[in-house]
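The block underneath contains the structure these notes are about, expressed in structure tokens.
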Amino acid sequence: MKMAKRMVTALLALVMALSLASCSDTSWVVKSGDETISAGVYLSYLFDAYYGQAYTYAYTGQDPSAVFDKQIEEKDAAQWMKDTAMESLKKNIVYRNYMDELGLSFTDEEIENANKQADSMYDQLTDSLKQGGVGKQSFETFFQQSMAASKVFNGLYGEGGTKEVPVDDIRSYWEENYYRVKVISSSLMDSNNQALSDTDKQVITDRLDGYKDQINNGEATMDELIETEKKVQEASSSSSSSSSSSSSSSSGTEEEEEETDTASYVSKSDETMPERTEALEGLEVGQAATFTSNNVYYVVQLLPYDGDDADLVDKTFETNQSSLLQEMKGEEFDSDINTRLESLEVTVNDAAVKRYDPKKFIVE
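Here the sequence shown stands for residues -21 to -1, 1 to 343, numbered as in mature numbering (1 follows the signal peptide of the UniProt record, and there is no 0).
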């Protein structure tokens, strides 16, 4: 009997020892299905959450560690970083599961490019990453996983995708939701950021109002008036310091010589400059209007998509096609991913999450 009791006691002690050893294993952080996320990869996600916040402090010459003195979204900064890292990690599991479902995989070139980006950043931030426990291989894995979202998105909505959006639909979305414009602007403030006199303001508004009338009466083109405005500024040292044509216009001649689209494209839902939106609403194609915003006076012309420079518009569309598709389907995609995230089954190693502190990324 005593022998039996001793055997039971020994067995219980062994079970407890194994259990404690298992609980103290912090080499992994999350398990889902057949996948195990190592501590190094989790720490890469944690570093990403930390760096996004600390960079702002470092860029402005402040101590990056000060980020931990603030609240982010009503959470302690360190806790917010942990929560953000965990959410990003879980989402990437969803993305990779989705890739398997769609029969997608990373090409050798994609993996190579991801590794190059990871290695470059790792070399720049070696001290912080090493101090926080992130190895280069784990950082490369993190970069590879970070490509999964775009891979799935394009596998759904891109060319040949299961929910492919026709190019013509993307083009229609662009033309229906964006104004195509050219602009000339002139500041109503002087070089010392002081308001101009009423007389000087009147000179500017009269000049730009005149441009508007010339466009609307067919007496001049916007490109011609851009050149006129540049000459006006060059002729007067005082106006050159307080007045300028907009970036999309001031480089017009040079860009047109390079055969690029010099127009700007403004979202009809853009709220950053409501005065501009109001001026453009109801404006006929080819016509111009003036408006004031933030002490700057503007003349803006609404341009066609199918004018004499339609070939340049086509090039602009091709350049922006991917971002336009993101606009069209981004909300639907996010909803799909969040639904899948809610049903994702994972095991979280709380001991590991508790152990790894984003403050360790701070290099003294």
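Beta carbons: idealized from backbone N, C-alpha and C, even for Gly.
Note that this is a predicted model, so its numbers are computed, not measured.
Cβ-Cβ distances below 6 Å link S117 to G19, V20 and S23 in the same chain, with the five nearest sequence neighbours on each side left out; the list follows chain order. Taking 8 Å as the upper bound for CB-CB distance, V113 and F26 are in contact here, some 6 Å apart.
Remark: C-beta atoms of L167 and L175 approach each other more closely than 8 Å. Counting only runs of 3+ residues, the beta strand (DSSP E) found wholly inside the region 140 to 180 occupies 157 to 166, in chain order.
Between M60 and P337, the beta carbon gap of about 4 Å places them in contact (Cβ cut-off 8 Å). Rounded to the nearest angstrom, the gap between the Cα atoms of A199 and Q193 is 5 Å.
In the three-state DSSP reduction, Q50 falls in the strand class (E or B). Out of T298, T86, M252 and E138, the CA that lies nearest to the CA of W153 is found in T298. Linking T86 to N92 through their CA atoms gives a straight-line distance of about 10 Å.
The straight-line gap separating the alpha-carbon atoms of L108 and Y30 is approximately 10 Å. Per DSSP, the unbroken alpha helix (DSSP H) holding Y38 starts and ends at A18 to Y38.
No Cβ-Cβ contact shorter than 8 Å links T120 with A331.
Looking at the DSSP output, T200 bridges to nothing. Excluding five sequence positions before and after A45, the CB atoms of its chain that fall closer than 7 Å to its own CB belong to Y36, given in chain order. In the three-state reduction of the DSSP assignment, F340 falls in the helix class, which pools H, G and I.
Its chain contains V46 as the residues whose beta carbon lies nearer than 6 Å to that of Q32, once the 5 sequence neighbours on both sides are disregarded; these appear in chain order. At a Cβ-Cβ threshold of 8 Å, T241 and K161 count as neighbours. Using a Cβ distance threshold of 8 Å, V9 and T326 count as a contacting pair. Classified as exposed, P145 has fewer than 16 neighbouring CB atoms from the shown chains inside 10 Å of its CB. An exposed status is given to P253, since fewer than 16 other beta-carbon atoms sit within 10 Å of its beta-carbon. I90 and S11 have their C-alpha atoms some 23 Å from each other.
Setting aside the 5 residues that flank it on each side, Y136 is surrounded in the same chain by K142, E143, V144, L304 and K308, each with a C-beta closer than 7 Å to its C-beta; the list follows chain order. As summarised for the region 43 to 102, the continuous alpha helix (DSSP H) elements at least 4 residues long and confined to that stretch are 56 to 81, given in chain order. Per DSSP, the unbroken alpha helix (DSSP H) holding T295 starts and ends at A289 to E321. Taking C-beta atoms as the reference points, N94 and F132 fail to come closer than 8 Å.
In its chain, beyond the 5 residues on either side, P43 and S44 have a beta carbon closer than 7 Å to the beta carbon of I341.
With a cutoff of 8 Å on beta-carbon distance, A57 and K49 are scored as not near each other. The Cβ atoms of R255 and V279 sit closer than 8 Å to each other. With a cutoff of 8 Å on beta-carbon distance, I149 and Y190 are scored as not near each other. Annotation: the continuous beta strand (DSSP E) that includes L281 extends over V275 to L281. Residue pairing by DSSP puts T326 in a beta bridge opposite K10.
Residue environment analysis places K130 among the buried positions, since at least 16 neighbouring C-beta atoms fall within 10 angstroms of its C-beta. The three-state reading of DSSP puts T271 in strand, counting E and B together.
In the structure shown, Y244 falls within a strand segment according to DSSP collapsed to helix, strand and coil.
A straight-line Cα-Cα distance of about 36 Å links S170 and N156.
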